[in-house]
Each structure stands twice: as structure tokens, then as C-alpha cells.
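Numbering (the working numbering), first residue to last: -13 to 252.
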Ligand code: KIV
């Protein structure tokens, strides 16, 4: 695929190839994700933990998210660039959400925002989507609610859990979202939601039946080892490779073998 990915491309993928989404937080991670063929690059608020070293996603600010979205945007040509709205930037009122979402569209190259919440955020999602701001929803395990949940807990379990999940999913779709992230739910529940909705579902820890999959880049590349959830597959060990390279450099500097002739000017 060579054309720029838009929200229409993503909507059409409901009945086509699986959607490939990764998080990226800066120029190189976005560039390599683009070259690898990702359809969507999400500047996730997970950068709070994976890049900024916070314990949760709660502390990251609008200014920090804008800074990283601009950097990722410089490496992102073809994929759809989605900016994650940080905790506290959209929950107060639809107007607050609009003001901050509009900042992402005006002050960064993002073409869409993502926000967490189902029924309770439907009015806000409608406010944005009816005023030209494309929204990706996010339901199930919502990391910004970690303190409310008392930890990271799998959602959508049992009949009651499934009912809540389906209500949330329908509310997000009805409010005009063009796609929805399903996080941390049983695979059977993800299948039900995926069958029920006409917009694509993108899963993380939601099993194989979604219309697409997303992973946090630093998790899949082995660049974040504080905590690795069961659903993460490690496709590389770049953290170890980085440490090996820096150790080799330190050794050669200490021994006086770097720089050699080939790295020196006459
Ligand atoms: O912030 C993030 O990385 C996310 C993904 C887990 C979807 O929201």
C-alpha cells in the first residue's frame, strides 16, 4: 500500500486485511514503523512510562504529548498519525476535550485523536466528531483509570462484564468514532464486540478476533522491561543490544582501540 492512510482507509479495512497499528514516540520510531508498513502510528500516552519513566500514564501532559506527536510526525509519511489525549485533557467537558483535541490537529501533524471511555465519554466523542475531529475510541482496560480500578485488571469478564463492554462499544460507535481499541479483555468478548460493530476493532490483549492489532513498540522491541503483560510478544531485544553496543564502545575507549585509523582524519 502506497497511498496515505486516512480514516476512510481504516473504516474500509473492517472487511479487508487486518489493521497493523504500533505506538511510536519520536522521529526514528515513527520512521521505521512507516517503513515496516504499519497502517496506523499511535503516539500513545504509554510514552509516560516507556519514554519518560513515570509509573503510570496519568502524569503525562498535553505539552509532552504535543512535543512527541510533532517528533513522530516528522518520521510518519504514509500511516495515519493518531495522538492519544492525556489524562485530564478531555474528561472535564466536551468543550475542554475539543480545545485540546484541536491543538493536536493544529499544532502537530496528527489527523485524529484517541481517548479512553465508553458510555461516559459518548457525549464528548459526539461533540468532537460532529465538529471535524476524528476520534478513535478505547474501551476495556483503560490505563488512565488505573487508580480507580485498583490496578490493571482484565475487563469484560462474565455476563455483566460483557454487557458493559457491549454498551460501551455501541456508545462509542454511535457517537461517531471511526475505530476502537479493545484492551485487556477475554478473546470471546472481543469477538462479540467485533461482530457487533460496523467500525473496526483494534486489539491489545484482546485475542485474535479483532479487525487489527496494536502493540506498544517499546514492549515488542524489548526496550521496556519494568513490566511485561502476558499479551506482549517480544520481536527483538533492542535494550540488550543497546547495552552491548555501549559496553563495547566503553571497553574500546578504555583500552584505547577507538578511534582507530579508519575513524580519524589525516
Ligand atoms: O498509550 C498507548 O500506547 C495505548 C495503546 C495501548 C493502545 O493506548
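Every residue, glycine too, gets a C-beta built ideally from N, C-alpha and C. Bear in mind the structure is a predicted one, so any value in this text is a computation, not a measurement.
Compute the beta-carbon to beta-carbon distance between residue i and residue j, rounded to the nearest angstrom, for a pair I have assumed lies under 8 angstroms.
| i | j | result |
| --- | --- | --- |
| residue 64 | residue -9 | 6 angstroms |
| residue 108 | residue 70 | Not really, about 19 angstroms apart at Cβ, beyond 8 angstroms. |
| residue 173 | residue 194 | 7 angstroms |
| residue 43 | residue 31 | 4 angstroms |
| residue 79 | residue 86 | Not confirmed; about 11 angstroms, so no contact. |
| residue 199 | residue 188 | 7 angstroms |
| residue 202 | residue 36 | 6 angstroms |
| residue 190 | residue 213 | Contact doesn't hold; Cβ gap of about 14 angstroms is too wide. |
Any chance the CB of residue i is under 8 angstroms from a heavy atom of the ligand KIV?
| i | result |
| --- | --- |
| residue 33 | yes |
| residue 179 | no |
| residue 100 | yes |
| residue 190 | yes |
| residue 30 | yes |
| residue 45 | no |
| residue 129 | yes |
| residue 150 | no |
| residue 70 | yes |
| residue 218 | no |
| residue 240 | no |
| residue 124 | yes |
| residue 202 | yes |
| residue 9 | yes |
| residue 167 | yes |
Suppose contacts are defined by Cβ-Cβ distances below 9 angstroms. Is residue i in contact with residue j by that definition?
| i | j | result |
| --- | --- | --- |
| residue 94 | residue 119 | no |
| residue 158 | residue 171 | no |
| residue 192 | residue 206 | no |
| residue -2 | residue 61 | no |
| residue 148 | residue 126 | no |
| residue 101 | residue 124 | yes |
| residue 54 | residue 33 | yes |
| residue 57 | residue 13 | yes |
| residue 163 | residue 111 | yes |
| residue 128 | residue 103 | yes |
| residue 96 | residue 142 | no |
| residue -7 | residue 8 | no |
| residue 138 | residue 45 | no |
- Any chance you could list the beta strand (DSSP E) runs of at least 3 consecutive residues sitting entirely within the region 30 to 111, in chain order? Counting only runs of 3 or more, we get 66 to 70, 98 to 100.
- What are the complete beta strand (DSSP E) segments, minimum 3 residues, inside the region 129 to 207? 165 to 169, 187 to 190, 198 to 201, all fully within the region 129 to 207.
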